[in-house]
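In UniProt numbering, the protein residues as written are 1 to 78.
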(Lines of atoms letter the chains of each structure in order from A and count residues from 1; the text may use other names and numbers.)
(Lines give C-alpha, C1' and ligand atoms only; values in the text may rest on other atoms or scores of the structure.)
Protein backbone atom coordinates (compact mmCIF):
# COMPACT_ATOMS: atom_id res chain seq x y z
CA UNK A 1 0.00 0.00 0.00
CA UNK A 2 2.83 2.41 0.78
CA UNK A 3 4.44 1.70 -2.57
CA UNK A 4 1.35 3.02 -4.37
CA UNK A 5 1.58 6.22 -2.34
CA UNK A 6 5.17 6.81 -3.43
CA UNK A 7 4.31 6.12 -7.07
CA UNK A 8 1.46 8.59 -6.89
CA UNK A 9 3.81 11.25 -5.50
CA UNK A 10 6.15 10.54 -8.42
CA UNK A 11 3.22 10.71 -10.84
CA UNK A 12 2.11 14.03 -9.34
CA UNK A 13 5.67 15.39 -9.77
CA UNK A 14 5.74 14.32 -13.42
CA UNK A 15 2.41 16.10 -13.94
CA UNK A 16 3.72 19.32 -12.41
CA UNK A 17 6.76 19.06 -14.70
CA UNK A 18 4.48 18.55 -17.73
CA UNK A 19 2.42 21.63 -16.90
CA UNK A 20 5.62 23.62 -16.34
CA UNK A 21 6.87 22.52 -19.78
CA UNK A 22 3.60 23.78 -21.26
CA UNK A 23 4.41 27.29 -20.02
CA UNK A 24 8.16 26.93 -20.76
CA UNK A 25 7.56 26.11 -24.43
CA UNK A 26 7.07 29.44 -26.14
CA UNK A 27 7.08 30.23 -29.84
CA UNK A 28 10.46 31.94 -29.55
CA UNK A 29 12.05 28.95 -27.83
CA UNK A 30 10.39 26.39 -30.10
CA UNK A 31 11.24 28.07 -33.41
CA UNK A 32 14.71 29.48 -32.63
CA UNK A 33 16.26 27.15 -30.05
CA UNK A 34 18.27 23.97 -30.43
CA UNK A 35 16.41 22.47 -27.46
CA UNK A 36 13.34 21.63 -29.54
CA UNK A 37 15.15 20.86 -32.79
CA UNK A 38 14.00 17.22 -32.86
CA UNK A 39 10.41 18.06 -31.99
CA UNK A 40 10.06 20.60 -34.80
CA UNK A 41 9.81 17.84 -37.38
CA UNK A 42 7.90 15.22 -35.39
CA UNK A 43 5.18 15.11 -38.09
CA UNK A 44 5.31 15.99 -41.79
CA UNK A 45 2.91 18.86 -41.12
CA UNK A 46 4.01 22.52 -40.72
CA UNK A 47 6.16 23.51 -37.75
CA UNK A 48 3.40 25.64 -36.25
CA UNK A 49 1.16 22.54 -36.07
CA UNK A 50 3.94 20.67 -34.28
CA UNK A 51 4.28 23.55 -31.83
CA UNK A 52 0.60 23.36 -30.86
CA UNK A 53 0.65 19.56 -30.82
CA UNK A 54 3.53 19.52 -28.34
CA UNK A 55 1.89 22.20 -26.18
CA UNK A 56 -1.40 20.27 -26.06
CA UNK A 57 0.41 17.02 -25.24
CA UNK A 58 2.33 18.68 -22.40
CA UNK A 59 -0.82 20.20 -20.93
CA UNK A 60 -3.13 17.19 -21.26
CA UNK A 61 -0.46 14.75 -20.10
CA UNK A 62 0.44 16.97 -17.18
CA UNK A 63 -3.18 17.31 -16.11
CA UNK A 64 -3.74 13.56 -16.32
CA UNK A 65 -0.66 12.86 -14.22
CA UNK A 66 -1.68 15.44 -11.61
CA UNK A 67 -5.20 14.00 -11.33
CA UNK A 68 -3.96 10.41 -11.07
CA UNK A 69 -1.33 11.47 -8.52
CA UNK A 70 -3.87 13.27 -6.35
CA UNK A 71 -6.22 10.29 -6.58
CA UNK A 72 -3.42 7.92 -5.59
CA UNK A 73 -2.40 10.08 -2.64
CA UNK A 74 -5.99 10.45 -1.43
CA UNK A 75 -6.93 6.79 -1.95
CA UNK A 76 -5.82 5.55 1.51
CA UNK A 77 -8.04 8.17 3.12
CA UNK A 78 -11.16 7.34 1.09
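We put the CB at the ideal spot given by N, CA and C, even for glycine.
{"query": "Straight-line Cα distance separating residue 18 from residue 125", "result": "The requested residue 125 does not occur in the structure, where the chain is confined to residues 1 to 78."}
{"query": "Candidates 76, 24, 33 and 9, of which the one nearest residue 56 by Cα", "result": "24"}
{"query": "Residue 26 to residue 67 span [Cα, whole Å]", "result": "25 Å"}
{"query": "CB of residue 22 within 9 Å of CB of residue 76, strictly", "result": "no"}
{"query": "Straight-line gap, residue 38 to residue 78 (C-alpha atoms, nearest Å)", "result": "43 Å"}
{"query": "Where the alpha helix (DSSP H) containing residue 54 begins and where it ends", "result": "47-74"}
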